[in-house]
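2 protein chains.
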Amino acid sequence: MLTTAQTAYETLVAKARELGLLSSCSALLAWDEQTSMPTGGSTHRGEQMALLAGLHHERATDPKIGELLSIVEASDLVAQADSAPAANVRELRRAFERRTRLPRELVEELARTTSLAQQEWIAARRESSFPRFAPWLEKVVRLKRQEGDCLATIPDSGSQTGGSHNENARYDALLEDYEPGAKTAELAGLFQALKVELVPLIRQIGEASVRLGRAGSAGDQILRRTYPLERQKVFVEAAASAVGFDFERGRLDVTAHPFCTGIGPGDTRITTRYDQHQFGDAFFGVLHEVGHGLYEQGLPAEHFGTPLGEAASLGVHESQSRLWENAVGRGRPFWSYWFPVARRVFYEALRDVSLDAFLAAVNHVTPSLIRVQADEVTYNLHIIIRFELEQALLSGDLPVGELPSAWNQKYGETLGIAPGSDAVGCLQDIHWSAGLVGYFPTYTLGNIYAAQLFARAKSELEGLDGSLERGQSAELLSWLRSAVHRHGQCYRPRTLIERATGAPPDPSYLVAALRQKYEELFGL
Amino acid sequence: MLTTAQTAYETLVAKARELGLLSSCSALLAWDEQTSMPTGGSTHRGEQMALLAGLHHERATDPKIGELLSIVEASDLVAQADSAPAANVRELRRAFERRTRLPRELVEELARTTSLAQQEWIAARRESSFPRFAPWLEKVVRLKRQEGDCLATIPDSGSQTGGSHNENARYDALLEDYEPGAKTAELAGLFQALKVELVPLIRQIGEASVRLGRAGSAGDQILRRTYPLERQKVFVEAAASAVGFDFERGRLDVTAHPFCTGIGPGDTRITTRYDQHQFGDAFFGVLHEVGHGLYEQGLPAEHFGTPLGEAASLGVHESQSRLWENAVGRGRPFWSYWFPVARRVFYEALRDVSLDAFLAAVNHVTPSLIRVQADEVTYNLHIIIRFELEQALLSGDLPVGELPSAWNQKYGETLGIAPGSDAVGCLQDIHWSAGLVGYFPTYTLGNIYAAQLFARAKSELEGLDGSLERGQSAELLSWLRSAVHRHGQCYRPRTLIERATGAPPDPSYLVAALRQKYEELFGL
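Quick note, the sequences are listed as chains R and F, same order. The first sequence begins at 1 in the numbering used here and counts up one residue at a time. The second sequence begins at 525 in the numbering used here and counts up one residue at a time.
The following block contains the structure:
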């Protein structure tokens, strides 16, 4: 063999880095499109993005990569499963197989269809007309079935159970794009266990809220007082900076839809939106994106472009955002430090508010129709509904035409409320129109991982609550860097969580944390 | 022949567009670096830029392009010299030859050397130490000689005099990068004719200034009063918008060094900087960049990526910025409309100022050491000095070590002043450290073209002054769109000016305009 394994590996890494650089150019163009681009630039931006995507695809599917992978896979370099070469090769192979197994026509039809479907979804949601969107959802579902069937033929090198040749093979295959190694059956088990705890908990919190006069809009009314925009900006930047977001290696801007994007080492950008009558939108939105941003800022820069330099999964990414937003950011220790500051900065709004009343407001729970506005507890039921429905759509058990009634029925059963229209029902999310099937469960996985990681951090870091009460979170960030961030994709999510916490993913940490919080707050 | 000329031409255009898209990605990354990028992102940004530059170079020097060009050149498609294919092929050939003639080692050594030389220049300027910079300038000059000699071997298809095999061949070859078709001897003639008029004019203006009590810092003191930043921003945006800069297809941001960049059709970005004690910095800076921006916004979008969609030259680009900044923006008609507005907006600064006093201030002339701060009249002498010195450096007539004394001597002879240190003398500009030799003359060419174009516009557009007095400049912009912008690189700069004005480039229009203005203002 002319190419030694070491040389082949180095070439692979160089190619991966080049692909990473190309993607990071696209990421910057996408960020600019949301934050800065004049409206007149959109056609040209589309052409720039298409060119970069084309160059990326051309290079990422180069058969040479397959050859290099085979050389390294046959060598001693990958003998140790968690060595850098083994982990990188495992994930590069996975990405290469997924990219090259799909027929070009399917990829192109998916791109075309989801692009048009998103336009139609916007119009259908505006008109609250599911029939307008239905034929497009039909097409997307049909194509995702084909994609799932096609990807299900890939032997999963990272799975302990072997291939995915079972009734969930199709959905399993799609899950892989967002949560490598996750299986439908496993998620269904976790989610069921969570649901049976959450439903009664939500009822108990509701009863306590009524008893305390905090039900409905009374529960968080103080957060809808006037919070001047310029003061919100300063306060939220102060909090973001204090919890460790490095503004020398990142920035915060305003966009219609908040997001976090890692442009590359030293350049992580988050966004938010401000409403002077909604304190929580910007504040918790920023803490959430800061959580994502801290993960990006904590990935090992020396591995940029290779799997070891990338986040483990969407679920793990979400665990970082939820940990800072909810476990830290809605907790009493955090506000013990920050509430006096907030009362000084927003004196008109908070002069007559106690810490207890403020904590009750930021932890207000009430069943609602819109996922992105849902509180920490009910949020997971929104996800579980979508997880169940998208599996049924994919398998064909649920015909597309029956989605609205199935949706409304599940909201009634699970949250006790019913959408008044499809706009606030099954048309509320962009995901399915964009072809994102298998994406929703990662949100709740993130909540499960977050609670489990935070519980472990508390047990390992003596006096963590005390630190947070003094406005100190550096040791928590160090712990996350060490337990999660620095590993990149060295471990699959399940293994990563197990190594970090000593236990496989388990919803009981989340349930316990919620139960404890609401017992303390509302005396359930 | 298997490839028909038409197919070959279409392939060429497609390849040119792809290169244009790649360049426009680099342009966005560069804009972001100046406006938004966190400091921690600079290493990664360098790697992104290098990748895009590498991809561009790889594609732009593909031998296939040479083959396609040959096919089209041998066909009827290029029979009409000013047809789209003929013009595009002429300029694509020119670019291809220039890219492929240079040995790879020379290109790489130039990139390496100028990168380091710019760092050293920054340090040398800070320390005002020419000896620190001298060895780097030596290296740059040596490499630029090699580059000039190498490029001088290209037969110039666009020149009427044939090749450049004469004593100026080397400098001619470098000029081509910035002002295609321009010749050293021709520029020397234009500049000499300008100089013999400007030197006595500056003396006369100086004498009149003394007589009127407007000499030195008294001349523009009112522009250094307090102009609140937020008000400056609104006022300058209003003026930019009023003269036609389309903010739906562009934007204005703040950077340390103002510039204009055309990201692509529908996306032209300009920048400025604000100083509350320097009204002119932002206002005339923005009008200048707006002039560049209007040119970019006026290029034919359908030709994006090909020469017909690109600016004719740096000189022509500068003519557009100078026309709006100086011919329009420092004129009495413009301020007849805008001065009452300015007096309302900046009431504290301008309440006791008359239009005449304001016009005298914005047209204040005084010999000074720093090019970028020079007034409209003396500016050209700064350029002519650099034009003469860089020729002498390139030919070897001026050894690098003698640059400071030659510089100081020329400033004494031409402007009657002497730099107190090299920092404000021969170390003030970045250009030579960046390998930009042959670039300086395009600034004064721009001034010459601007005056000539404006004179023609006035003679063709009846009542242009009256329109400007009513705050109307749409007809002037239309005229420029038609005479200059829409042509892209269809014509070489000299031909473009001749077609637009009926005469070849001629400094007498600039001299006449300046003389008339200062006779009216100061009664020379």
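All C-beta atoms, glycine included, are put in the ideal place defined by N, C-alpha and C.
For this session: Would you kindly work out how many angstroms separate the C-alpha atoms of residue 904 of chain F and residue 661 of chain F, rounded to a whole number?
Result: When only Cα atoms are considered, residue 904 of chain F and residue 661 of chain F end up about 24 angstroms apart.
Problem set entry | Whole-number beta carbon distance between residue 549 of chain F and residue 576 of chain F, since they are thought to touch under 8 angstroms | 6 angstroms
Problem set entry | Distance, residue 23 of chain R Cα to residue 932 of chain F Cα | 50 angstroms
Exercise. Counting only beta-carbon atoms, is residue 586 of chain F nearer than 9 angstroms to chain R?
Worked result: no
Exercise. Hey, residue 493 of chain R and residue 293 of chain R: beta-carbon distance below 9 angstroms or not?
Worked result: Taking 9 angstroms as the Cβ cut-off, residue 493 of chain R and residue 293 of chain R do not qualify as a contacting pair.
Problem set entry | Near-chain F residues of the segment 252-281 of chain R - C-beta to any C-beta below 7 angstroms | 263, 264, 265, 266, 267
Exercise. Cβ of residue 235 of chain R within 9 angstroms of Cβ of residue 342 of chain R?
Worked result: yes
Exercise. Near residue 97 of chain R, what residues of its chain come up, given a Cβ to Cβ distance below 8 angstroms and the 5 sequence neighbours on each side ignored?
Worked result: 154
For this session: Give the residues from the segment 41-60 of chain R that approach chain F closer than 8 angstroms (Cβ to any Cβ), ordered along the chain.
Result: 41, 42, 43, 44, 45, 47, 48, 51, 52, 55
For this session: Go through its chain and collect everything with a Cβ distance to residue 665 of chain F's Cβ below 7 angstroms, but skip five positions before and after it.
Result: 917, 918, 924
For this session: Can you tell me which of F:573, F:567, F:595 puts its alpha carbon nearest to the alpha carbon of residue 535 of chain F?
Result: F:595
Exercise. Taking C-beta to C-beta, are residue 768 of chain F and residue 598 of chain F nearer than 9 angstroms?
Worked result: no
Exercise. Taking the continuous alpha helix (DSSP H) assigned at residue 291 of chain R, which residues delimit it?
Worked result: Where residue 291 of chain R is concerned, the enclosing alpha helix (DSSP H) stretches over 279-298.
Exercise. What is the rounded straight-line gap between the Cα of residue 787 of chain F and the Cα of residue 177 of chain R?
Worked result: 33 angstroms
Problem set entry | Of the listed residues F:690, F:1026, F:996, nearest to residue 861 of chain F (C-alpha basis) | F:996
For this session: Answer with yes or no whether the minimum CB distance from residue 833 of chain F to chain R is below 9 angstroms.
Result: no
For this session: State the DSSP-derived secondary structure class of residue 674 of chain F, mapped to helix, strand or coil.
Result: helix
Problem set entry | Beta-carbon gap between residue 445 of chain R and residue 505 of chain R smaller than 9 angstroms | For residue 445 of chain R and residue 505 of chain R, yes; Cβs fall inside 9 angstroms.
Exercise. Between the segment 424-434 of chain R and the segment 174-194 of chain R, are three or more C-beta pairs nearer than 8 angstroms?
Worked result: no
For this session: Tell me, please, whether the CB atom of residue 132 of chain R is closer than 9 angstroms to any CB atom in chain F?
Result: Not one chain F Cβ lies under 9 angstroms of residue 132 of chain R.
Exercise. How is the alpha helix (DSSP H) around residue 172 of chain R delimited, first residue to last?
Worked result: Element bounds for residue 172 of chain R: 169-175.
For this session: Check the Cβ-Cβ distances between residue 368 of chain R and every residue of chain F, and say whether any is below 9 angstroms.
Result: no
For this session: Would you verify that the beta carbon of residue 523 of chain R is, or is not, closer than 9 angstroms to some beta carbon of chain F?
Result: no
Problem set entry | Three-state class that DSSP yields for residue 528 of chain F in the structure shown | coil
Exercise. Under three-state DSSP, which class holds residue 341 of chain R?
Worked result: helix
For this session: Take residue 672 of chain F as the anchor and find which of F:1040, F:732, F:1000, F:626 has the nearest alpha-carbon.
Result: F:626
Exercise. In terms of alpha-carbon separation, which member of F:1048, F:994, F:927, F:1019 lies closest to residue 658 of chain F?
Worked result: F:927
Problem set entry | Proximity below 9 angstroms, CB of residue 239 of chain R to CB of residue 286 of chain R | Inclusion of residue 239 of chain R and residue 286 of chain R in the CB contact set at 9 angstroms is warranted, their separation being smaller than that value.
Problem set entry | Residue burial classification, residue 214 of chain R (beta-carbon count within 10 angstroms, cutoff 16) | Buried, since its Cβ has 16 or more Cβ neighbours within 10 Å.
For this session: Assign residue 13 of chain R to one of three DSSP states: helix, strand, or coil.
Result: helix
Exercise. With C-beta atoms as the reference, is residue 857 of chain F less than 9 angstroms away from residue 993 of chain F?
Worked result: Result yes, Cβ atoms of residue 857 of chain F and residue 993 of chain F sit closer than 9 angstroms.
Problem set entry | Contact set for residue 1047 of chain F: own chain, Cβ-Cβ below 7 angstroms, skip 5 residues either direction | Result list for residue 1047 of chain F: 732, in chain order.
Exercise. Where does the unbroken beta strand (DSSP E) through residue 269 of chain R begin, and where does it stop?
Worked result: 267-272
Problem set entry | Residues that residue 21 of chain R contacts on chain F, provided the C-beta gap is smaller than 9 angstroms | 568, 571, 572, 574, 575, 576
For this session: Using a cut-off of 9 angstroms between C-beta atoms, extract the partners of residue 526 of chain R located in chain F.
Result: Only positions 1 to 524 of chain R appear in this structure, which leaves residue 526 of chain R out of reach.
Problem set entry | Under the three-state DSSP convention, the category residue 401 of chain R falls into | Look at residue 401 of chain R here: in three-state DSSP terms it is helix.
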